[in-house]
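Asker: Quick one: the structure is below, and I'll ask about it shortly.
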DNA sequence: CATATAACGTA
DNA sequence: CGTACGTTATATGC
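Numbering (the UniProt record's numbering), first residue to last: 1 to 899.
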């Protein structure tokens, strides 16, 4: 049967741009990406829409019309046409082209006509179809199409998003607007269309316009009788007749465009399933949308070939006796690993391990292995020539460590690889990664597979093994995908040569942990507890003994600003701030004794809190094993948690005392701290190549004194404390994208003074100013910032129309190369220090990293050598144009190891 | 019971 | 209205 008999024609006409744009805003741009940074949300939404409409409306023919860039004849009539529109969002760019590719694969004709809009194409085709006795369905959110609706032309208006449509036939139009569709252009001319920048008659909305149309027949009738219309609206109409006539001219659809006339041209059913599938692969579209593509699109009504679900090799559960042979035969070339185990308080436990290759899948239950089998497994795991990958290699190694197994030959850490490609994304577990990149739900897949197994013969398999096997198989496929992505992001070397080897080093130091004295902490806690009661009682005494909750900002607001009537200061989202800065200001103003007690209470409470947290994490062996994460901080720094050992107090005397609890490992002689002196400013000097700053570091003079002497134009020895601290604040502030406002607030000086200070700084250190400006410009052009090792951070917001977002991204762009390069350097240093310790066969070991500092256990008699190791390892980690200086301190504990 | 907010510790 | 984090207690919403 051919649909070329026009009487049977049922043509679907879609406004490509209007619907793509709608899809773009209906779906999150950051939730749909092809994995290469191209957003695909509009493509996905549009595809979804056309699939749904074809499935439900069953058209015989389809055409999609697009606007062309550049003007149309309407712009020549009215130069403000469609003026005042926002710029195209950057994520939308490129999606129209992709939609056209999808349409080609679906075998759907798409059309453009120079000098005309998509509307005109649709109008012409609809008109012709109707004339020839066929039927047309128009899909667009553009209201100009309402005028086209007729007996055989129906409009489908998107209601919500792009998949829900409202059918508009003449009756529906009449009901909604009170006029028939052919009069809608008259109504629109009177009311105006803000989207097209066509102002109508002020004070006249659809109701008034419809009333006039009913009364006078049509627009010419209204204009002819304009003089009779009473009231404000009538006057307004008379004052804007010219606008109305222009609008009517502009909104009239063109019905006679020359377009391919043969209905055959638009016939549905010329799509190519293979091409479509390949394109969906490229777009990273999942299996769901493929399944929903109606066969009507494809030549011969074929089904869309489904991306074949991966046929998993059978899950083997080898007996001990079979394992050695299996490891060499099936997994001799390496495997993807997934495990079921734990690592808590330095205690690891690996229960099950799944191994996957393309052809084999095995799940081992460690407790079931006999000695020979376990030895074979140990040898396989330890073999550095057998490549292995896992979602979180360090964690798997920790679990294995609990069984006395160590793993060598790591090839890819999926979590790290994912992070290097998308540093600003929140980390996700393996199931999340699988969903994101393979569009498969591990849990669902495993459950479905298990059901099939259950129906078949019982082969001793179980649901958990099935799930673990699926996980290992996912690791296998993700590994390939992510390695190619690493290449695309120029991050393969960062993964292979920096982060992955580093994860092994970090694993060692996490497993080692740091000795912490519970007794010392208990003593401190006791002191603070006494003090806490004291200041709390004193605080309550100033409130007529009212025992409010001093830890509740809400209650404090009530007390401070209502009851005591103190002057309100800074605002928070929900009320007035009660933070320390505000309280100190308030105390200086009012000298109210409650404030002093409250501040003291805050301090002492915070201390107790920190102490309490630390104590909860002390293992039975008296050590704290923090976890360092390599995939959290977008700049490339490590982060530490459970507990965080990178924020142990150091600024106040009281706080520092906590550090005295850290140290004295049995068998070790002392603690050593080694830190980089002003590493971020050195990186600034290196990157900016500012002659003055480089000289500052080469002169050996105190940095801030040197810089201050230049800024204030005095001899270095004349620099006083105020000058030095102001200069220091600017130096560091610059690397954070500090504003004059922020600087003024921090230094308690006027904004004018702050501006002058900054200008003076930039005048003497012009290279810094140029560097900062250029690095933002470069990031805007490339879309990302880069560290000295090429670690990228993508900042799409640099081109945002939203000022707040854009300026925030600019500050991030200033800071990331600096903070990130410092992170790169200390990571290199950790690798180097680890290597040197091995070379020299020292027992001393690294315990902690605190961004620019390493904390080490020094073994008896090794202090001199360890000093050499850190001086060399940290000092020569990376060659900058200024020296890297390392400060070293040694003492019985972390407090006394300061320098 | 889970999430949000304000606060505050570090580099 | 400077960057990067983690933890906590309180308050709020389900």
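Glycine is no exception: its CB is placed at the ideal position from the N, C-alpha and C atoms.
Can you give me the Cβ contacts of residue 169 inside the same chain, cut-off strictly under 7 Å, excluding the 5 residues immediately before and after it?
Answerer: Counting only Cβ-Cβ distances below 7 Å, and skipping sequence neighbours, we find 149, 154.
Asker: Per DSSP, what kind of secondary structure is residue 14 in: helix, strand or coil?
Answerer: In this structure, residue 14 counts as strand in the three-state DSSP scheme.
Asker: Counting only the same chain and skipping the five closest in sequence on each side, list residues whose C-beta sits under 6 Å from that of residue 26.
Answerer: Excluding positions up to five away in sequence, the list reads 45, 161, 162.
Asker: Figure out for me which residue from 516, 684, 600 has the closest Cα to the Cα of residue 643.
Answerer: Among 516, 684, 600, the Cα nearest to that of residue 643 belongs to 516.
Asker: Confirm, please, whether the CB-CB distance from residue 491 to residue 417 is below 9 Å.
Answerer: Yes.
Asker: To the nearest angstrom, how far is the alpha carbon of residue 368 from that of residue 320?
Answerer: The straight-line gap from Cα to Cα measures roughly 7 Å.
Asker: What does the alpha-carbon distance come out to for the pair residue 752 and residue 206?
Answerer: Cα-Cα distance, rounded: 54 Å.
Asker: State the start and end residues of the unbroken alpha helix (DSSP H) segment that holds residue 867.
Answerer: Counting along the chain, the alpha helix (DSSP H) containing residue 867 begins and ends at 863 to 875.
Asker: Taking the continuous beta strand (DSSP E) assigned at residue 102, which residues delimit it?
Answerer: Premise fails: residue 102 lies in the alpha helix (DSSP H), 95 to 106, not in any beta strand (DSSP E).
Asker: Between the region 410 to 427 and the region 621 to 638, can you find at least three pairs of beta-carbon atoms closer than 8 Å?
Answerer: Verdict: yes, contact present.
Asker: Decide if residue 119 is buried, meaning its Cβ has at least 16 other Cβ atoms within 10 Å, or exposed.
Answerer: The residue is buried, with at least 16 neighbouring Cβ atoms inside 10 Å.
Asker: Kindly indicate which three-state DSSP category residue 225 falls into: helix, strand or coil?
Answerer: Here residue 225 sits in coil by DSSP.
Asker: Locate the alpha helix (DSSP H) running through residue 503, then write down its first and last residues.
Answerer: Where residue 503 is concerned, the enclosing alpha helix (DSSP H) stretches over 500 to 512.
Asker: Return yes when the Cβ of residue 131 is within less than 9 Å of the Cβ of residue 65, no when it is not.
Answerer: No; because the gap between Cβ atoms is not below 9 Å, this pair is not in contact.
Asker: Looking only at its own chain, which residues have a Cβ that is under 6 Å from the Cβ of residue 457, when we skip the five neighbours before and after it?
Answerer: Caution is warranted here: a pLDDT of 45 is assigned to residue 457, below 50, making its placement in the model unreliable, and no coordinate value can be reported.
Asker: DSSP on residue 215, reduced to helix/strand/coil?
Answerer: DSSP places residue 215 in helix when its eight states are reduced to three.
Asker: With DSSP run on the structure shown, which of helix, strand or coil describes residue 45?
Answerer: Residue state, collapsed to three classes: helix.
Asker: What are the start and end residues of the beta strand (DSSP E) that includes residue 61?
Answerer: Unbroken beta strand (DSSP E) run through residue 61: 61 to 65.
Asker: Beta-carbon separation of residue 11 and residue 135 under 9 Å?
Answerer: Closer than 9 Å, so yes.
Asker: Once DSSP output is grouped into helix, strand and coil, what is the label at residue 897?
Answerer: Note: residue 897 maps to coil in three-state DSSP.
Asker: Which of helix, strand or coil does DSSP assign to residue 549?
Answerer: Coil at residue 549, not helix or strand.
Asker: On the DSSP letters alone, give me the boundaries of the alpha helix (DSSP H) that residue 568 sits inside.
Answerer: Per DSSP, residue 568 belongs to no alpha helix (DSSP H) and is neither H nor E.
Asker: Bridge partners of residue 71, per DSSP?
Answerer: For residue 71, which the question treats as bridged, DSSP gives no partner whatsoever.
Asker: Tell me which residue opens and which closes the beta strand (DSSP E) that residue 371 is part of.
Answerer: Per DSSP, residue 371 belongs to no beta strand (DSSP E); it is in the alpha helix (DSSP H), 371 to 382.
Asker: Per DSSP, what kind of secondary structure is residue 854 in: helix, strand or coil?
Answerer: Residue 854 falls in the strand class under three-state DSSP.
Asker: Per the DSSP calculation, residue 298 is bridged to which residue(s)?
Answerer: 271, per the DSSP bridge assignment.
Asker: Based on Cα-Cα distance, which residue from 271, 185, 229, 698 lies nearest to residue 218?
Answerer: That would be 185, whose Cα lies nearest to the Cα of residue 218.
Asker: Which ranges would you report for the alpha helix (DSSP H) in the region 701 to 751 if only whole runs of at least 4 residues count?
Answerer: Runs of the alpha helix (DSSP H) inside the region 701 to 751: 703 to 711, 721 to 734, 740 to 747.
Asker: Nearest CA to the CA of residue 871: which residue from 878, 886, 465, 864?
Answerer: Among 878, 886, 465, 864, the Cα nearest to that of residue 871 belongs to 886.
Asker: Counting only the same chain and skipping the five closest in sequence on each side, list residues whose C-beta sits under 7 Å from that of residue 72.
Answerer: Excluding sequence neighbours, residue 72 sits near 115, 116, 117.
Asker: For the beta strand (DSSP E) that residue 891 lies in, which residues bound it at each end?
Answerer: First-last of the beta strand (DSSP E) with residue 891: 886 to 891.
Asker: In this structure, does DSSP put residue 457 in helix, strand or coil?
Answerer: Only weak support exists for where residue 457 lies, its pLDDT of 45 falling under 50; the value from the coordinates is given anyway. Residue 457 falls in the coil class under three-state DSSP.
Asker: For my contact list, residue 513 and residue 623 are in at a C-beta cut-off of 8 Å; report their separation, rounded to the angstrom.
Answerer: Yes, residue 513 and residue 623 are in contact; Cβ-Cβ is about 4 Å, under 8 Å.
Asker: Between the beta-carbon of residue 412 and the beta-carbon of residue 483, is there less than 9 Å?
Answerer: Closer than 9 Å, so yes.
Asker: I'd like to know whether the C-beta atoms of residue 292 and residue 55 end up nearer to each other than 9 Å.
Answerer: Against a cut-off of 9 Å, the Cβ pair of residue 55 and residue 292 comes out as a contact.
Asker: Return the CA-CA distance between residue 386 and residue 380, expressed in angstroms with no decimal places.
Answerer: Distance between the alpha carbons of residue 386 and residue 380: 7 Å.
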